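Residue numbers (this note's numbering), protein chains in the order written: chain H, 255 to 445; chain Z, 455 to 783.
Positions of the beta carbon are idealized from the N, C-alpha and C atoms, including for glycine.
Fair warning: this is a prediction, and the values are worked out from it, not measured in the lab.
Encoded as structure tokens, the structure appears first; notes follow it.
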């Protein structure tokens, strides 16, 4: 018997038996149950935000020159609106750290000479200077925000009080540290 | 031995798995099991990487092996139409990947973050590996994942499904195993910047997925149709048996062989036949049954005088000469 006819007859035989039908229904139910079990294990990837997208807890933002605590991959401040590097006083800067205007031209002072660069400090390090506590970046986690992948980064310390003034949470921190304040790194990866 | 079809699909699965690293889940795992994600240092990172790999492969095997088994259950393995449907699915996905189309439907789920806090890191890494290897529990970053699922289901060949699952899981694991130990180091930060700030890298990988899927689609069309034959006839051969993806025959004065697009593989015995999930040959006064995909021996069935056989999932028929000069089935 040709192969395909052989298959068809086998298939018909299976289809026509009650046991075959029950086996299929049982298999389908098992598959659905397994899928639902896995579904309960995993978390929503695009979560409700508190004060910026992806931040699922209530801890406040780390002090940032322009407000929202956006950082680059190394922890330095970026302007939240467009991701442009900024210095500690919130001025857009070029690769050399010189303040620049909207066209990327170095800003000149009243004497016609380029304005001197201001320090550019990692946001989490700046917390140490402002609050007099030791901080470190421990864990991080990525979520989908507005169609792009965002990394949520906790600035952690052994301090039991967070920037909000109340009890600090563990968040993504480890080694006995807790979240003092939060920051984020936006990627250009779509999701 | 793997034929061109298996190689093309396996490579596509590997690349599609690697593309998944760009998901929130893949990036999270890199940071989590890397040395900056815990207090255990490099030793814990190595242990977590070692645990992640089999987890990812197991997840892939589970998904694509199950889909292939389901396909086998629904319509049986192989068949020309099945291969053409699978090729169409792969081509559609390739076109969408080449255009960089936004992934739809998307699974907007992330790994359970708290696992890394409540379990030893290697255990959490193994479980994260399983979820990433499964492919459909978290964000999907390539239409290739949907295509691999469709191909597995359409072809309905459990061995091919396991191959796809293994390669997919391996593809998911390799970038993570390469990048996690570098997390926090200058080279790791540069790698993160490359992945996260240069959209061309992700687009390039999706382009690679498109090329690999196109090659797989061509293999699905060409290889099963020819069973690897270079022409329409084979000299010095007799007693053929064929499916969409395999041709078996008896070499005159030589062994029974099977050809699946690669080199001919000799089989023990004579009068080869293929059907369902089995290959069968006659050896002495017995019929030997082999696994259709791996050719592993499965059973030896007494069949005195057998000189022709046919096999399917549920039947074995053979012809034997009777003492009175006739034949019996």
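Rounded distance between the beta-carbons of residue j and residue i, thought under 8 Å
| i | j | result |
| --- | --- | --- |
| residue 469 of chain Z | residue 544 of chain Z | Rounded, the Cβ-Cβ distance is 13 Å, inconsistent with contact. |
| residue 514 of chain Z | residue 623 of chain Z | 3 Å |
| residue 362 of chain H | residue 368 of chain H | 6 Å |
| residue 620 of chain Z | residue 511 of chain Z | 6 Å |
| residue 625 of chain Z | residue 467 of chain Z | 6 Å |
| residue 438 of chain H | residue 308 of chain H | 7 Å |
| residue 429 of chain H | residue 493 of chain Z | 5 Å |
| residue 610 of chain Z | residue 530 of chain Z | 6 Å |
| residue 519 of chain Z | residue 615 of chain Z | 5 Å |
| residue 700 of chain Z | residue 612 of chain Z | Incorrect: roughly 15 Å between the Cβ atoms, too far for contact. |
Contact with chain H by residue i, beta-carbon distance below 9 Å
| i | result |
| --- | --- |
| residue 474 of chain Z | no |
| residue 725 of chain Z | no |
| residue 518 of chain Z | no |
| residue 633 of chain Z | no |
| residue 732 of chain Z | no |
| residue 643 of chain Z | yes |
| residue 537 of chain Z | no |
| residue 649 of chain Z | yes |
Same chain only: Cβ atoms within 8 Å of residue i, ignoring 5 sequence neighbours per side
| i | result |
| --- | --- |
| residue 418 of chain H | 312, 313 and 314 |
| residue 495 of chain Z | 489 |
| residue 391 of chain H | 329, 378, 407, 408, 409 and 410 |
| residue 389 of chain H | 378, 379, 381, 382, 409, 410, 411 and 434 |
| residue 735 of chain Z | 710, 721, 722, 723, 724, 725, 726, 727, 741, 742, 744 and 763 |
| residue 702 of chain Z | 694, 695, 696, 710, 711, 712, 713, 721, 726, 727, 728 and 733 |
Member of the options whose CA lies at the smallest distance from the CA of residue i
| i | options | result |
| --- | --- | --- |
| residue 594 of chain Z | Z:660, Z:632, Z:460 and Z:458 | Z:660 |
| residue 551 of chain Z | Z:505, Z:599 and Z:510 | Z:599 |
| residue 394 of chain H | Z:478, Z:583 and Z:555 | Z:478 |
| residue 554 of chain Z | Z:524, Z:694, Z:457 and Z:473 | Z:473 |
| residue 310 of chain H | Z:756, Z:567 and Z:548 | Z:567 |
| residue 631 of chain Z | Z:737, Z:701, Z:501 and Z:755 | Z:501 |
| residue 644 of chain Z | H:308, H:326, H:307 and H:321 | H:326 |
| residue 538 of chain Z | Z:605, Z:592 and Z:571 | Z:605 |
| residue 752 of chain Z | Z:761, Z:767 and Z:581 | Z:767 |
| residue 456 of chain Z | Z:597, Z:548 and Z:618 | Z:618 |
| residue 601 of chain Z | Z:776, Z:770, Z:471 and Z:690 | Z:471 |
| residue 677 of chain Z | Z:755, Z:664, Z:708 and Z:533 | Z:533 |
| residue 486 of chain Z | Z:569, Z:783, Z:699 and Z:647 | Z:569 |
| residue 442 of chain H | H:399, H:414 and H:413 | H:399 |
| residue 356 of chain H | H:336, H:416 and H:364 | H:336 |
Contact set for residue i: own chain, Cβ-Cβ below 7 Å, skip 5 residues either direction
| i | result |
| --- | --- |
| residue 444 of chain H | 401 and 402 |
| residue 317 of chain H | 380, 381 and 384 |
| residue 465 of chain Z | 666 |
| residue 263 of chain H | Bear in mind that a pLDDT of 40 at residue 263 of chain H, under 50, signals an unreliable position, so the number given afterwards is only what the model happens to contain. So the list is empty, once near-sequence residues are dropped. |
| residue 476 of chain Z | 595, 649 and 656 |
| residue 592 of chain Z | 477, 479, 561, 563, 564, 565, 585 and 586 |
| residue 758 of chain Z | 739 and 774 |
| residue 461 of chain H | This structure cannot settle anything about residue 461 of chain H, because the visible part of chain H is limited to 255 through 445. |
| residue 349 of chain H | none |
| residue 705 of chain Z | 690, 691 and 711 |
| residue 332 of chain H | 324, 325, 326, 338, 339 and 340 |
| residue 484 of chain Z | 630, 633, 634 and 637 |
| residue 521 of chain Z | 603, 606, 607 and 615 |
Neighbourhood of residue i by C-beta distance below 6 Å, restricted to the same chain and skipping five residues each side
| i | result |
| --- | --- |
| residue 541 of chain Z | 671, 674 and 675 |
| residue 346 of chain H | 338, 340 and 354 |
| residue 241 of chain H | Residue 241 of chain H falls outside the range modelled here, since chain H spans only 255 to 445, and no answer is possible. |
| residue 497 of chain Z | none |
| residue 446 of chain Z | Only positions 455 to 783 of chain Z appear in the structure, and residue 446 of chain Z is not among them; the question remains open. |
| residue 461 of chain Z | none |
| residue 583 of chain Z | 506, 509 and 510 |
| residue 344 of chain H | 319 and 320 |
| residue 597 of chain Z | 547, 550 and 551 |
| residue 718 of chain Z | 711 |
Cutoff 9 Å: residue i Cβ touching any chain Z Cβ
| i | result |
| --- | --- |
| residue 398 of chain H | yes |
| residue 328 of chain H | yes |
| residue 350 of chain H | no |
| residue 426 of chain H | yes |
| residue 438 of chain H | no |
| residue 331 of chain H | no |
| residue 377 of chain H | no |
| residue 380 of chain H | no |
| residue 392 of chain H | yes |
| residue 405 of chain H | yes |
| residue 356 of chain H | no |
| residue 307 of chain H | no |
Flag this pair as touching only if the region 643-658 of chain Z and the region 721-730 of chain Z have three or more C-beta atom pairs under 8 Å; answer yes or no. no
Whether or not the region 504-524 of chain Z and the region 571-587 of chain Z are in contact is what I'm after, with contact meaning three or more pairs of Cβ atoms, one per stretch, closer than 8 Å; do they touch? yes
Using a Cβ-Cβ cut-off of less than 8 Å, give me the residues of the region 476-505 of chain Z that come near chain C, in sequence order. This model lacks chain C altogether; the protein chains it does include are H and Z.
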